[in-house]
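Residue numbering for the sequence shown follows the numbering used here, starting at 2 and increasing by one per position.
Presented below is the structure to which this report refers.
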Amino acid sequence: MASIVRRTGLVAFAAVAILMITGAMVFLFSAPPEHWAVAAVGVLCAGVLELTWLRLGRVAHRSPMVALPVLALPALATLLPMETAIGVISLGVLVAVLLEAGRVPVGLYSAGLQAVGGLLAALLFTWSRAFALHGLVAVAVASVGYVAFVLLVEILRKQLIDPPVERGGRPMLSLLRISATAGGAALIAALAANWSVEGPPFLVEVSPTVNTIEVLSGIVIVAAIVKVVSIFAEMRARLSGLVAGAGLLSAGAETGARSGEEIAQVLCQTVADSIGGESVVVRAEPARPGEISLPLSFVAAGASRHIVVSRDAMDGAFTGNDRRALDALVTTAEMVVRAGQNVAGLTLRANTDPLTGLPNYGAFQAALTNINDHRDYSEALAVLFLDLDEFKRLNDRHGHAAGDEVLRELGRRLRAVVRPDDLVARVGGDEFVVILTHLTTLGEAKIVAERILASTGEPLIVGPTTFNPMMSIGLAYSAHRETDVSQLVQDADRAMLAIKKTRRRGGAANESSINISSHRSSQMNDIIARAIDEDRLELAFQPIVSLVTGQIWAFEALVRYTDPDLGPLSPPSIVEKAKGLGRLDAMTRQVAVKAMAAAADFRLVEPRVVCMTFNVEAGQILPERVGDFVEDLANRYPGISLCLELNERSMAKVTPAIRAQAERMRDLGLMIALDDYGSQDSSVDSLVRMPMDILKIDKSLVDDLDDVRQREVLTALQGFGDNLEYSMIVEGVENATMASHLSALGIRSAQGFHYGVPESFENTLNRLEQYGAAAVVPRVNPALVREAVLPAGDAAAPAVILGE
2 MASIVRRTGL
12 VAFAAVAILM
22 ITGAMVFLFS
32 APPEHWAVAA
42 VGVLCAGVLE
52 LTWLRLGRVA
62 HRSPMVALPV
72 LALPALATLL
82 PMETAIGVIS
92 LGVLVAVLLE
102 AGRVPVGLYS
112 AGLQAVGGLL
122 AALLFTWSRA
132 FALHGLVAVA
142 VASVGYVAFV
152 LLVEILRKQL
162 IDPPVERGGR
172 PMLSLLRISA
182 TAGGAALIAA
192 LAANWSVEGP
202 PFLVEVSPTV
212 NTIEVLSGIV
222 IVAAIVKVVS
232 IFAEMRARLS
242 GLVAGAGLLS
252 AGAETGARSG
262 EEIAQVLCQT
272 VADSIGGESV
282 VVRAEPARPG
292 EISLPLSFVA
302 AGASRHIVVS
312 RDAMDGAFTG
322 NDRRALDALV
332 TTAEMVVRAG
342 QNVAGLTLRA
352 NTDPLTGLPN
362 YGAFQAALTN
372 INDHRDYSEA
382 LAVLFLDLDE
392 FKRLNDRHGH
402 AAGDEVLREL
412 GRRLRAVVRP
422 DDLVARVGGD
432 EFVVILTHLT
442 TLGEAKIVAE
452 RILASTGEPL
462 IVGPTTFNPM
472 MSIGLAYSAH
482 RETDVSQLVQ
492 DADRAMLAIK
502 KTRRRGGAAN
512 ESSINISSHR
522 SSQMNDIIAR
532 AIDEDRLELA
542 FQPIVSLVTG
552 QIWAFEALVR
562 YTDPDLGPLS
572 PPSIVEKAKG
582 LGRLDAMTRQ
592 VAVKAMAAAA
602 DFRLVEPRVV
612 CMTFNVEAGQ
622 ILPERVGDFV
632 EDLANRYPGI
642 SLCLELNERS
652 MAKVTPAIRA
662 QAERMRDLGL
672 MIALDDYGSQ
682 DSSVDSLVRM
692 PMDILKIDKS
702 LVDDLDDVRQ
712 REVLTALQGF
722 GDNLEYSMIV
732 EGVENATMAS
742 HLSALGIRSA
752 QGFHYGVPES
762 FENTLNRLEQ
772 YGAAAVVPRV
782 NPALVREAVL
792 PAGDAAAPAV
802 ILGE
């Protein structure tokens, strides 16, 4: 049905176009030369206007577009009959589309659409004059009617004839764009009609013919400027799309982590972003008329596949730049696939034991770390360390070829007996390891180990000799996620060596054995998990001061915890273990709530304290982690600025989604800081990787401010901050001399023991109540405390010397 409607519409519009163009040519054949000159300029004007498309929706290449050749009609109609003027405009449209797209059906449809729209505009003009409307008002009404007619036809075509188009949930049309287009068309048409009669302003009136040519030429110039501007905008968008697309395609190439199908999906998205079209698909057939395509060699082996970009026939033809951009992106994708295949092959060879085909020791370590890091806290695993006894004697008696065959067969037996999610690796000459995953009890691990013992202990025929393998197996069981998983391997190894030692001391010497290690997950894991689950973490607060005013303007909240048995725990170990236990986000939420509540209390005592900062990893700011929670929390404390300090180590894994979320948070009034800049592996790249408001300089960059190089680095970073519009805070300020150096360099904010060590909420509140926002206050220096021995009967207390 849709194809019948399409053909019928095309035939109807083509017939009207041919009729109007033929009529215009017949009239002009006997017309005076000045009419030919006007018609020639009219053809040029209509052609340029036809190529200057205006989009009436916000989704590129997927919203209806209109061209406005009708703007030439008021000027042409002052000298030519209305039908002839419409035919001239239709001819200009036909020539322009044929030159751009080279497709006769599209050209005839466009010319016919213009012809019918022009006739409708002429009819509206006549009706408007019949109702005694002013001539210029009638011209404006006719122009608006033309825009409405063309838009209606395009909507019907897209809704009833063309396949449905995905617009990401956005509307097909923009009321603002429609209003601007209709209003602009009405204004320009009215001016063209007036100036064709009265003469353009600032020009000497010569004759109606010259007036009309001047008006048409002016429209050509304006339309050409609009077209050139749109071309430059498209070029910028295409270049940005190419750069972003190359980055997306190259991501993961160094690891060979993505398949050809996955890269093809990314390629389709990057092509859509950089070139644009109604659809970008991978299919067996190459491009049809109105499409562009290139073959893909990496999607399906032995099958012909092409990436095909389609556009609406009325949305402008593909250009040579479009084809070159497609070629560049496809070439990049093919290079990424080849690089990934090479990397994958090299990685496989580097991580595989060549004798047994099993993963080697490096691959085993990586796999164990990955399994441990990504298991649920309550999910258990076990490591089995296996050693083949008497292997050296086997090699000495029967040769290395026989020994190799035994190892290969043991590798096959181990692969066959373990479960699908378990991993077997060869880590030494006669040593194997097995990682047992998804366990719930030690009993499960023991059952699998016994199956392994039975399978590997079966007789093995090597040439004329029957060999009875004897295995020593050490088993280490981990009930919870480990913070140091290498300890699990060491315990399994020790358990295996204990069997060998028992044999040397007269134990069971002729049978395989399993020894279960006493390893249990670290006590620290349980302590930290319980402290977070029961919300028992505490905070300490360190002031951040202004070197300009000498006042505290912010505090940094630092996590603390004191265990009843172990005493104070190291803050870095609290954070690392919370991360390993999968509780980092929960801990961050608790810190955020307590920090902002404390900030509100501090501000009641000292209104100059306006900001609270605490540490997060970059990935945590995503909405599904702590982003939404922090935004809601900030809204509850409108008088306090909340600053998230992102540690520099986490900046290496910043994604576009994280950058976009950081920009969103800044727009909502939250601040983003880059913490510890200047520590190990710092780079200038970190300064531009993430949008930020504050750069915190690590104390390692200010430990010797007498060194001119350190001062120059700080000056340069301060200059970066001024240019990139972020503030700078120097950490690790230990004494007044350092503070003086920093002030002389123009540094405006600082933090360190000179201004106060991290203190509990109560002590911090007491300080604010006693000293206000003063940056430096008297404090007890333990090294200077002296007890004065006073005469008997003197009731004075021991003297305490106060100092910085």
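C-beta: ideal position from N, C-alpha, C; glycine also.
Please read these numbers as outputs of a predicted model, since none were measured by experiment.
Report yes or no: do three or more beta-carbon pairs, one from the segment 8–24 and one from the segment 99–111, lie closer than 8 angstroms? yes
DSSP puts ASP564 in a beta bridge; with which residues? GLY568
What residue range is occupied by the uninterrupted beta strand (DSSP E) comprising TYR678? 672–678
Buried/exposed call for TRP196, threshold 16 Cβ in 10 Å: Counting Cβ neighbours within 10 Å, TRP196 comes out buried, since at least 16 surround it.
Three or more C-beta pairs closer than 8 angstroms, one from the segment 91–103 and one from the segment 32–49: is that the case here? Yes, the segment 91–103 is in contact with the segment 32–49.
Buried or exposed (CB count within 10 angstroms, at least 16 for buried), ILE474: Answer is buried; the Cβ neighbour count reaches 16.
Using the rule of at least 16 other Cβ atoms within 10 Å of the residue's Cβ for burial, across every protein chain shown, is VAL281 buried or exposed? buried
Rounded straight-line distance, which links the Cα of GLN115 to that of PRO70: 7 angstroms
Extent of the continuous alpha helix (DSSP H) to which LEU57 belongs: Counting along the chain, LEU57 falls outside any alpha helix (DSSP H), and DSSP gives it neither H nor E.
Can you tell me whether MET236 is buried or exposed? The criterion is at least 16 other CB atoms within 10 Å of its CB, across all chains shown. exposed
Taking the beta strand (DSSP E) that PRO296 falls in, what are its first and last residues? 292–297
Are ARG59 and SER175 closer than 7 angstroms when you measure CB to CB? yes
Just list the residues that DSSP pairs PHE542 with in beta bridges. ALA558, GLU760
Ranges of the alpha helix (DSSP H) found wholly within the segment 396–476, counting only runs of at least 4: The alpha helix (DSSP H) runs of length 4 or more contained entirely in the segment 396–476 are, from start to end of the chain, 401–418, 443–457.
Alpha carbon to alpha carbon, how far is ILE189 from LEU137? Give it in angstroms, no decimals. If I take the Cα positions, the gap works out to 11 angstroms.
Can you tell me which of GLN270, LEU250, SER518, PRO360 puts its alpha carbon nearest to the alpha carbon of THR333? Looking from the CA of THR333, the closest CA among GLN270, LEU250, SER518, PRO360 belongs to LEU250.
Counting only the same chain and skipping the five closest in sequence on each side, list residues whose C-beta sits under 6 angstroms from that of GLY412. THR357, LEU359
Specify the secondary structure class of PHE30 as computed by DSSP and reduced to three states. helix
According to DSSP, is PRO360 part of a helix, a strand, or is it coil? strand
Report the three-state DSSP secondary structure of GLU735 (helix, strand or coil). coil
Alpha-carbon to alpha-carbon, ASN526 and LYS580: Using only the alpha carbons, I get a separation of about 11 angstroms.
Would you decide whether HIS481 is buried or exposed? Buried here means 16 or more other CB atoms lie within 10 Å of its CB. buried
With H, G and I counted as helix, E and B as strand and the rest as coil, what does DSSP make of ASP536? In the structure shown, ASP536 sits in coil (DSSP, three-state: anything other than H, G, I, E or B).
Note down, one range per segment and in chain order, each beta strand (DSSP E) of at least 3 residues found wholly within the segment 623–670. 642–648
Just to confirm, is the Cβ distance from GLY43 to VAL89 under 7 angstroms? yes
Rounded separation between ALA532 and GLU380 - CA only: 20 angstroms
DSSP-derived helix/strand/coil call for ILE698: strand
Quick one: what's got a C-beta closer than 7 angstroms to LEU121's C-beta in the same chain, skipping five residues either side? GLY146, TYR147, PHE150
So, at 7 angstroms on beta carbons, what are the nonlocal neighbours of ILE293 in its own chain, with the 5 sequence-adjacent residues on each side left out? VAL310, PHE319, ASP323, ARG324, LEU327
Can the beta-carbon of VAL154 be found closer than 7 angstroms to that of ALA191? no
Mind checking which residues open and close the beta strand (DSSP E) that includes VAL94? Premise fails: VAL94 lies in the alpha helix (DSSP H), 83–102, not in any beta strand (DSSP E).
Does ASP431 get closer than 7 angstroms to chain D when you measure Cβ to Cβ? In the structure shown, chain D cannot be found, because there is only a single protein chain.
If I measure Cβ to Cβ from THR442 and keep anything under 6 angstroms in the same chain, skipping five residues before and after, which residues do I get? Nothing listed; no residue qualifies.
Relative to the C-alpha of GLU607, which candidate in PRO82, TRP554, SER547, VAL434 has its C-alpha closest? TRP554
Can you tell which of LEU11, LEU77, LEU766 has the C-alpha that lies nearest to the C-alpha of ARG104? LEU11
Which term fits PRO569, buried or exposed, when burial requires 16 or more other beta carbons within 10 angstroms of its beta carbon? Result: exposed.
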